[in-house]
Ligand SMILES: Cc1cc2nc3c(=O)[nH]c(=O)nc-3n(C[C@H](O)[C@H](O)[C@H](O)COP(=O)(O)O)c2cc1C
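In our numbering, the protein residues as written are 2 to 295.
This is how it looks when you write it as structure tokens:
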């Protein structure tokens, strides 16, 4: 027999249904693709300028964006193999990736992590490995792929694009290693640790970073297209009285700067060539928006 619901119960029931759909969406297997031997593999990624997205897309058909996955209440995933691909920022993986390691419940027989870097990953893989272990994840494989360095205060993007980097070779090795489930970790040296410590002494640690102190907007160039509001994985950019404005803690992924079509955003810390910007050639602006939009 049908009983009549009052307004409050109806709202409660609707909330429960919405929550159930959200929770089940986090565990739906539609994103799982198979390796050559038919193993189920999930690859998560974080990206600012597309390098890590491109690498992740070479390892699985549909990589999962960490900024999108982190919107779910329940982050639970299970597969034969789980991998994470992300950039290194001053010798550490991004804050959001660190939070993902703490909050996600991941179950797999084989775990791998790939760091994309521009000049020297220092001791990032070691620190990442330690963080993973503290959260019950045991990496079987940790490697790095050398790519364009998108850190604007130190590098001119036009020069970076001209440089020969062993990206294809590094990635080929990663793919071959993963196919044979190799157990291996990037060797970190004492010099790597000292080098990172020296950089942190000279320039400070990467986090926390207050975004309003990091960026400068050239109001003459800004046309209010709003792409910065859509590519920021933290949703820090918005429209205020004076046009575009930024607040909150920043990942420093530089997605906003590199993806601004007007080149209207620069860095307070310095910008080697304010007219040169970068996004991986195989990655579109829409791909970055899909990955990061909040
Ligand atoms: C704030 C910041 C710090 C960085 N620190 C390092 C670093 O310590 N070592 C390094 O080799 N590359 C460093 N990079 C370069 C990026 O790790 C590299 O370009 C990466 O592939 C970018 O990945 P994405 O395109 O997926 O964002 C840094 C980049 C940024 C923006």
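Where a beta carbon is used, it is the ideal one built from N, C-alpha and C, also for glycine.
Because the structure is a prediction, the values reported are computed rather than measured.
Cβ neighbours of residue i in the same chain (closer than 7 Å, five flanking residues each side left out)
| i | result |
| --- | --- |
| residue 72 | none |
| residue 27 | Interpretation of residue 27 is limited by its pLDDT of 38, a score under 50 that renders its predicted location unreliable; no figure is taken from the coordinates. |
| residue 120 | 150 |
| residue 248 | 212, 213, 237 |
| residue 107 | 78, 83, 138 |
| residue 155 | 273 |
| residue 276 | 264 |
Cβ shell of residue i (< 8 Å), same chain only, five flanking positions each side left out
| i | result |
| --- | --- |
| residue 179 | 36, 60, 82, 84, 113, 142 |
| residue 118 | 88, 89, 125, 145, 146, 147, 148, 150 |
| residue 166 | 147, 148, 149 |
| residue 184 | 141, 142 |
| residue 70 | 27, 45, 76, 101, 105 |
| residue 110 | 81, 82 |
| residue 189 | 123, 124, 126, 127 |
For residue i, the first and last residue of its enclosing alpha helix (DSSP H)
| i | result |
| --- | --- |
| residue 258 | 256-259 |
| residue 158 | 158-163 |
| residue 228 | 228-232 |
| residue 214 | 212-215 |
| residue 70 | 67-70 |
| residue 54 | 52-60 |
| residue 126 | 125-135 |
For residue i, the first and last residue of its enclosing beta strand (DSSP E)
| i | result |
| --- | --- |
| residue 77 | 77-79 |
| residue 239 | 238-241 |
| residue 290 | It is not in any beta strand (DSSP E) - residue 290 instead sits in the alpha helix (DSSP H) that spans 286-293. |
| residue 108 | 106-108 |
| residue 117 | 111-118 |
| residue 82 | 82-88 |
| residue 244 | 244-247 |
| residue 145 | 142-147 |
| residue 42 | 41-46 |
| residue 266 | 266-268 |
Cut-off 6 Å between Cβ atoms - residues of its own chain near residue i, not counting five sequence neighbours on either side
| i | result |
| --- | --- |
| residue 295 | 236 |
| residue 194 | 124 |
| residue 171 | 146, 147 |
| residue 46 | 53, 54, 57, 64, 86 |
| residue 219 | 265 |
| residue 163 | none |
| residue 186 | 143 |
Any non-hydrogen atom of ligand 3 closer than 8 Å to residue i Cβ
| i | result |
| --- | --- |
| residue 189 | By its list of ligands, the structure shown excludes ligand 3, since it contains just ligand 1. |
**Item:** Unbroken stretches of the alpha helix (DSSP H), 4 residues or longer, contained in the stretch 167-203
**Value:** 168-180
**Request:** Check whether the stretch 221-230 touches the stretch 199-209, counting contact only when three or more Cβ pairs, one atom from each stretch, lie closer than 8 Å.
**Result:** no
**Asked** Given 8 Å as the limit, is there contact between the stretch 255-267 and the stretch 92-104, that is, 3 or more CB pairs closer than that?
**Response** no
**Message:** Taking contact to mean 3 or more Cβ pairs, one atom from each stretch, closer than 8 Å, check whether the stretch 268-285 and the stretch 230-241 are in contact.
**Reply:** no
**Three CB pairs or more closer than 8 Å across the stretch 44-53 and the stretch 275-295** = yes
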